[in-house]
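Quick note, our numbering runs 24 ahead of the 1-based positions in the sequence shown.
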Amino acid sequence: EGRLGLSPDTEGLVLDNAASRPTRVEDVGLLRAVAAGGFHSLGIRASDDQAVMAWGGNRNGELGLGTTGSGWNPIAIPALD
């Protein structure tokens, strides 16, 4: 469901939400804090905007996006911009 912040890939790096080695999460920038739930992750950007980024499982709206669709890639939570 994207909890690693990595899109599904065809090279076998991401399999069943597990990565075979440490991997940089793209499109998130430098983070100053990270929190992880069972199926989702959140991060606060270290940049001037200090946006709260969310990715992963969203069955019950955990990502704060106003939807229940899972997010493979990190996205800024609009209500906190």
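Beta carbons: idealized from backbone N, C-alpha and C, even for Gly.
All figures in this text were calculated on a predicted structure; none of them were measured in a lab.
Check                                                                                                                                         : Outcome
Pair every Cβ in the region 46 to 57 with every Cβ in the region 85 to 95, then say whether three or more of these pairs are closer than 8 Å. : no
Apart from the five residues on each side of it in sequence, which residues of its chain come closer than 7 Å, Cβ to Cβ, to GLU86?            : GLY61 and HIS64
Assuming ASN97 is part of the beta strand (DSSP E), what are its boundary residues?                                                           : 95 to 100
Which value, in whole angstroms, describes the spacing of the CA atoms of ALA78 and PRO98?                                                    : 5 Å
With a threshold of 16 other CB atoms inside 10 Å of the CB of PRO102, please say whether the residue is buried or exposed.                   : exposed
Quick one, are the C-beta atoms of ALA70 and ALA100 less than 8 Å apart?                                                                      : no
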